[in-house]
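The block underneath contains the structure these notes are about, expressed in structure tokens.
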Ligand code: GLN
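Residue numbers (this note's numbering): 1 to 187.
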């Protein structure tokens, strides 16, 4: 199974390593050509404004939109969630606009840049140990969006059709169940 991993900036190597360990074949995506023939797509964490600018510069915005709109199971983590979203609550930046949510960036404040929590995730039997790094929360969800996990009242994992997105980083903890969702085509 070929999984495209957007490799413009951020922790794409961690995603690629995790996918290799799961028996999938990661394909680093820096050009639209690399999207051809992929069975699933991952958009990593990092810095969402940088990922957006680089995707525009490398003419990847429309090709990425096309692949996701065609139904390719897609996972976005942290900055990947922000990039997939419609908008942020803050200054405007480049989005794919495929996931009908408004995101608040760095929502857990600068005092608590990073933290870990055990999360109940809808559909998974055991909690997910989640690492949050300058993480966003989903401030508004559209009608088609299902909330799969939350910290308090704040959604931190959502699904819309073929897209799954998390505020946290399953790729940093050896957690495979979130990536399995897209490998099984349940994204
Ligand atoms: N704070 C970053 C952003 O707003 C996301 C952080 C991350 O991906 N770990 O883009």
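C-beta: ideal position from N, C-alpha, C; glycine also.
Assigned secondary structure, residue i (DSSP; H/G/I helix, E/B strand, else coil)
{"i": "residue 20", "result": "helix"}
{"i": "residue 184", "result": "coil"}
{"i": "residue 146", "result": "strand"}
{"i": "residue 136", "result": "coil"}
Contact set for residue i: own chain, Cβ-Cβ below 8 angstroms, skip 5 residues either direction
{"i": "residue 118", "result": "127, 128, 129, 130"}
The ligand GLN heavy atom lying under 7 angstroms from the CB of residue i
{"i": "residue 85", "result": "no"}
{"i": "residue 82", "result": "yes"}
{"i": "residue 46", "result": "yes"}
{"i": "residue 134", "result": "yes"}
{"i": "residue 105", "result": "yes"}
{"i": "residue 79", "result": "yes"}
Residue i Cβ short of 7 angstroms to the ligand FAD heavy atom set
{"i": "residue 117", "result": "In the structure shown, the ligand FAD is absent; the only ligands present are the ligand GLN."}
Where the beta strand (DSSP E) containing residue i begins and where it ends
{"i": "residue 132", "result": "128-133"}
Host alpha helix (DSSP H) of residue i (start-end)
{"i": "residue 116", "result": "No alpha helix (DSSP H) holds residue 116; the beta strand (DSSP E) holding it covers 114-119."}
{"i": "residue 84", "result": "79-84"}
{"i": "residue 66", "result": "61-69"}
{"i": "residue 55", "result": "48-57"}
Contact with chain C by residue i, beta-carbon distance below 8 angstroms
{"i": "residue 57", "result": "Absence of chain C from the displayed structure is noted, only one protein chain being present."}
6 angstroms Cβ shell around residue i - same chain, five flanking residues per side excluded
{"i": "residue 107", "result": "136, 137"}
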